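Undergrad: Protein chains in written order, with the numbering used here: chain A, 1 to 246; chain B, 247 to 514.
Don't be surprised by glycine CBs; every beta carbon is placed ideally from N, CA and C.
Remember, it's a predicted structure, so these values are computed and weren't measured experimentally.
(1) Opposite residue 288 (chain B) in the DSSP bridges: which residues?
(2) What residue from A:122, A:220, A:133 has the CA that sits closest to residue 188 (chain A)'s CA?
(3) Are the CB atoms of residue 416 (chain B) and residue 258 (chain B) within a distance shorter than 8 Å?
(4) Using a Cβ-Cβ cut-off of 8 Å, state whether residue 347 (chain B) counts as contacting chain A.
(5) Should residue 515 (chain B) be flagged as near chain A, meaning a C-beta pair shorter than 8 Å?
(6) Could you name the residues of the region 24 to 41 of chain A whose beta carbon sits closer than 8 Å to any beta carbon of chain B, in the order they occur along the chain?
(7) Name the one or two DSSP bridge partners that residue 133 (chain A) has.
(8) CB residue 195 (chain A) to CB residue 206 (chain A), shorter than 8 Å?
(9) Would you check if the distance between the CB atom of residue 304 (chain B) and the CB atom of residue 328 (chain B) is smaller than 8 Å?
(10) How do the region 455 to 467 of chain B and the region 288 to 297 of chain B stand: do at least 3 beta-carbon pairs fall below 8 Å, yes or no?
(11) Assess contact between the region 261 to 276 of chain B and the region 355 to 375 of chain B, defined as three or more Cβ pairs (one per stretch) separated by less than 8 Å. Is contact present?
(12) Start and end of the beta strand (DSSP E) containing residue 252 (chain B)?
(13) Check whether chain B comes within 8 Å of residue 144 (chain A), counting only Cβ atoms and requiring the distance to be less than that.
(14) Name the chain B residues that come within less than 7 Å of residue 206 (chain A), Cβ to Cβ?
(15) Since residue 277 (chain B) meets chain A, which of its residues come closer than 8 Å, beta carbon to beta carbon?
(16) So, with DSSP's three-state summary, where would you put residue 485 (chain B)?
(17) Check residue 514 (chain B) in the structure and name its three-state DSSP category.
(18) Would you mind reading off the limits of the beta strand (DSSP E) that contains residue 330 (chain B)?
(19) In chain A, what lies closer than 7 Å to residue 453 (chain B) by C-beta?
(20) From residue 20 (chain A) to residue 154 (chain A), what does the alpha carbon distance come to, in whole angstroms?
(21) Going by C-alpha to C-alpha distance, which of A:7, A:46, A:34, A:41 sits closest to residue 453 (chain B)?
(22) Once the 5 residues before and after residue 271 (chain B) are set aside, which same chain residues still bring their CB inside 6 Å of it?
(23) In terms of residue numbering, what span does the alpha helix (DSSP H) encompassing residue 440 (chain B) cover?
(24) Going by other Cβ atoms of all chains shown within 10 Å of its Cβ, with 16 needed for buried, is residue 506 (chain B) buried or exposed?
(25) Going along the region 353 to 381 of chain B in order, which residues come within less than 8 Å of chain A, judged by CB to CB distance?
(26) Around the C-beta of residue 236 (chain A), are 16 or more other C-beta atoms found within 10 angstroms, so that it is buried, or is it exposed?
(27) Answer with yes or no whether the minimum CB distance from residue 500 (chain B) to chain A is below 8 Å.
(28) Can you look up residue 190 (chain A) in the DSSP assignment and give me helix, strand or coil?
(29) Where residue 414 (chain B) and residue 473 (chain B) are concerned, what is the direct C-alpha to C-alpha distance, given to the nearest angstrom?
(30) Based on the DSSP secondary-structure assignment, which residues constitute the bridge partners of residue 515 (chain B)?
(31) Could one say the Cβ of residue 152 (chain A) lies closer than 8 Å to chain B's Cβ atoms, at least one of them?
(32) Going by other Cβ atoms of all chains shown within 10 Å of its Cβ, with 16 needed for buried, is residue 223 (chain A) buried or exposed?
(33) 8 Å is my cut-off, CB to CB: does residue 126 (chain A) come that close to chain B?
(34) For the region 483 to 494 of chain B, which residues have a beta carbon sitting closer than 8 Å to at least one beta carbon of chain A?
(35) Since residue 130 (chain A) and residue 60 (chain A) should fall inside the 8 Å C-beta cutoff, what is the C-beta to C-beta distance between them, to a whole number of angstroms?
(36) Is residue 151 (chain A) near residue 221 (chain A), with beta carbons less than 8 Å apart?
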């Protein structure tokens with residue numbers, strides 16, 4: 001019995017030691033950059049192949065969680081909510097031949113695609129919903145990205161308590177994926193204010209934080225390095241992988 | 247006959263390097279995996295999240311109280327699971343305590359970075375070990391063969407001291423072969439696959455794999471269960487090493503040389 005107790009104590013001590021060493025290494029910038037090297041491997045091997053699984057209507061989650069940042073509270077958002085998004089315009093500009101500002105009515109008139117797909121949150125939960133919207137590829141085809149355009153950046157209307165704005169980015173391959181939607185409806189109803197109204201992104205092949213809500217401007221760029229924290233997204237600036245496929 | 251006291255070269259350099267790298271990677275993966283788990287401290291037997299199909303959850307129903315609910319039975323686990331050390335000198339609503347996680351403080355982003363880096367190390371070690379072992383044919387003495395199966399029960403009886411002599415066997419006895427074969431060819435590969443099945447990118451690419459596990463939340467459940475199975479093997483492995491000549495065993499896994507004992511097989 002003494003021996004078993006000794007082994008159990010040693011194993012716990014080994015795990016505690018592992019955690020202590022790990023924490024120390026984690027706070028070392030050089031070691032942290034070694035850890036980051038795995039992202040390139042994940043992206044090159046898993047990448048963005050194939051189509052996300054599509055579900056049946058009876059699979060839709062009855063309770064789709066609310067996540068990430070709260071509903072925008074700024075005067076612009078309050079104004080467009082008050083006039084039921086009639087004055088809302090989605091600006092698409094940057095490295096494009098024909099920059100354009102789309103009204104909600106124009107987006108609604110474009111051919112809509114309907115998907116029932118699963119949303120996988122980085123935290124670990126999953127929820128299924130039906131989404132209707134305009135394939136982002138169709139919008140990009142209208143504005144025509146110029147040579148040298150590599151990334152599509154989504155600027156949101158929400159920000160955190162420190163006032164840092166939410167943004168996200170996809171490469172052109174992910175942005176033109178047939179299931180990447182500028183979603184206007186969730187489960188058949190216009191997207192509600194707390195879930196990203198009037199337009200949110202849906203990227204079912206990647207983790208939830210890529211699916212920016214309350215999108216106001218789509219900027220096409222050659223590099224996202226000069227935007228905000230330089231890592232290509234609000235959560236990426238806080239240490240999450242830009243490749244959100246895993 | 248065993249030549250007692252004779253030193254034999256038992257573990258190749260590849261075996262020894264992959265063994266210790268695998269060990270480091272496994273510890274880092276368990277610790278960072280528990281960090282990742284803490285972000286959503288429950289497991290559902292389903293594809294999408296569904297509280298009605300919750301198998302395990304760690305909660306803090308009120309400040310200062312931690313509970314663990316497994317198959318609908320709730321236990322108070324304050325201090326161990328649910329309400330635990332937060333890594334910054336205080337107690338908080340936190341599934342696994344800070345001394346078990348990498349980093350100690352709550353950081354899903356960092357836990358993920360560690361997990362995906364060491365996943366490559368562990369999978370790489372396993373792959374290299376299997377390929378080199380098959381190429382040099384030294385894996386064959388570890389693999390359970392049909393002729394070893396009738397010897398499993400007598401070997402277990404010997405371990406339980408219900409039999410005086412172990413059945414005739416080679417370098418590894420039939421129980422060791424059973425354990426190593428399961429770990430190397432079943433549990434470890436399934437652990438990697440269930441982890442990949444959690445990835446939305448991998449699911450889009452090869453969704454039959456996620457479906458085989460029963461869906462995304464099920465894959466999370468299996469990933470956790472397989473981790474516990476491998477951890478169980480690890481604990482048994484350490485206990486056996488500690489009780490079966492710890493110095494000789496450690497030396498052989500560091501230098502390669504093992505001194506034969508009377509209870510060992512014929513070495514054939």
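TA: This is what the structure gives:
(1) B:303
(2) A:133
(3) no
(4) yes
(5) Here chain B has residues from 247 to 514 only, and residue 515 (chain B) is not among them.
(6) 26, 27, 32, 34, 35, 36, 37, 38, 39, 41
(7) Residue 133 (chain A) is bridged by DSSP to A:113, A:183.
(8) no
(9) yes
(10) yes
(11) yes
(12) Taken as a continuous stretch (DSSP letters only), residue 252 (chain B) belongs to no beta strand (DSSP E), as it is neither H nor E.
(13) no
(14) 446, 447
(15) 15, 18, 19, 22
(16) helix
(17) Caution applies to residue 514 (chain B), whose pLDDT of 41 falls short of 50 and renders its modelled position unreliable; the model cannot decide the point.
(18) 328 to 331
(19) 53
(20) Approximately 39 Å, taken between the alpha carbons.
(21) A:46
(22) Here the set comprises 364, 367, 368.
(23) 434 to 443
(24) buried
(25) 353, 354, 355, 356, 358, 359, 360, 362, 363, 365, 366
(26) buried
(27) no
(28) strand
(29) 33 Å
(30) Residue 515 (chain B) is absent from the model: chain B starts at 247 and stops at 514.
(31) no
(32) exposed
(33) yes
(34) 484, 485, 488, 489
(35) 6 Å
(36) yes
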